[in-house]
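Everything below concerns the one structure shown next.
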Amino acid sequence: MSGVAFIVGFGKGVGSAVAAKFKSEGFAVAVASRSLVPGEVEKEHGYLGVKLDASQSDQVAAGFARVEKAIGPANVVVYNASAFASAPGGKADPLSLSGEDFLQGVSVGGIGAYYVAQHANGGFTRLENTSHPLPPRVFIATGNALPWVQPPLPHLLGVSTGKKALANIVESCATAYADTGKRFYYAYEVSPQGGLVRSPDPSTHAKVFWGLYNLKEQGDWAVKFTKE
Ligand SMILES: NC(=O)c1ccc[n+]([C@@H]2O[C@H](COP(=O)([O-])OP(=O)(O)OC[C@H]3O[C@@H](n4cnc5c(N)ncnc54)[C@H](OP(=O)(O)O)[C@@H]3O)[C@@H](O)[C@H]2O)c1
0 MSGVAFIVGF
10 GKGVGSAVAA
20 KFKSEGFAVA
30 VASRSLVPGE
40 VEKEHGYLGV
50 KLDASQSDQV
60 AAGFARVEKA
70 IGPANVVVYN
80 ASAFASAPGG
90 KADPLSLSGE
100 DFLQGVSVGG
110 IGAYYVAQHA
120 NGGFTRLENT
130 SHPLPPRVFI
140 ATGNALPWVQ
150 PPLPHLLGVS
160 TGKKALANIV
170 ESCATAYADT
180 GKRFYYAYEV
190 SPQGGLVRSP
200 DPSTHAKVFW
210 GLYNLKEQGD
220 WAVKFTKE
């Protein structure tokens, strides 16, 4: 086996393509979402399935413990979960977004990523003491262009606040852990014009994430790409 990959936010899109890519490269793969059925993903794909809500710290802790016990600490962790809601009042009225939808955008988009990065980092550190040779240790978050889009898109205030938090978490970790060899990326697909895409292209994400995993050094923490 080449290593252990854990994809949090596993669905039919990016998560499936990334999981399949790492499995095809010889990784043991674990996947997580709120609604997956562990027996089904194991039977269909050979993945370890973990049911968790990434915005709940106790569920994230239990999920990482389950993965580590079953297949070892993940040396590549992908954060792909997000919550999308558009303010009913449109661009002119961002505060028409319900408090609940705003909270979901922030807690799934950003806070959940913090919990996942924390546990990923714990596993990365344990690998330093147990794994020879030491495999790459990489955290990759699926982003979008919202942290940089100008003018801003006020109707997407929940998801944009979540993605800005996510970008901040990744930038801080990439900077702070640079000397340890642990690497952190915010990878985001853009349209040919540089903006948001309607739905992310799974196979391009899988290719880009695999490329990031194989880099020898951190490089830029924010990685922009277009559909291939
Ligand atoms: N670049 C762009 O412009 C752009 C455009 C659109 C989307 N995106 C990004 O692409 C990613 C998703 O794309 P995708 O095609 O992979 O979507 P997807 O196939 O729907 O997969 C996302 C999965 O995340 C899971 N999830 C949602 N909330 C969760 C939570 N709280 N805890 C655990 N799992 C959770 C969902 O499963 P459950 O419901 O079962 O939990 C879902 O299956 C997001 O990060 C999104 O922000 C980027």
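In terms of numbering that gives the first Met the number 0, the sequence shown has 159 at position 160, counting the first letter as 1, and numbering is strictly consecutive.
Beta carbons: idealized from backbone N, C-alpha and C, even for Gly.
In this text, all values refer to a predicted model and were calculated from it rather than measured experimentally.
Thr141 counts as buried, since at least 16 other C-beta atoms from the protein chains shown sit within 10 angstroms of its C-beta. Cβ-Cβ separation between Gly109 and Ala60: approximately 18 Å, too far for a contact (criterion under 8 Å). Contact between Val196 and Ser190 holds: their C-beta atoms lie close to 5 Å from each other, under 8 Å. Contact between Val222 and Ala186 is confirmed by a C-beta separation of about 4 Å, below the 8 Å threshold. Around the CB of Gly8, 16 or more other CB atoms lie within 10 Å, so the residue is classed as buried. In this chain, the beta strand (DSSP E) harbouring Gly48 covers 47-50. Apart from the 5 residues on each side of it in sequence, Tyr78 sits with its Cβ closer than 6 Å to the Cβ of Val7, Ala112, Val115, Ala140 in its chain, given in chain order. Judged by DSSP secondary structure, Ser85 falls outside any beta strand (DSSP E); it is assigned neither H nor E. Short note on Ala80: C-beta closer than 6 Å to some heavy atom of ligand 1. Distance from the C-beta of Ala166 to the nearest heavy atom of ligand 1 is not below 6 Å. Taken atom to atom, the span from the alpha-carbon of Leu214 to that of Val3 is near 17 Å. Collapsing the DSSP output to three states places Ser32 in a strand. When the five nearest sequence neighbours on each side are left out, the beta carbons in the same chain lying within less than 7 Å of the beta carbon of Pro87 are those of Ser95, in order along the chain.
A Cβ-Cβ separation of about 5 Å places Phe5 in contact with Val76 under the 8 Å criterion. Judged by the Cβ position, Pro135 fails to qualify as a neighbour of ligand 1 at the 6 Å threshold, every heavy atom of the ligand being at least this far.
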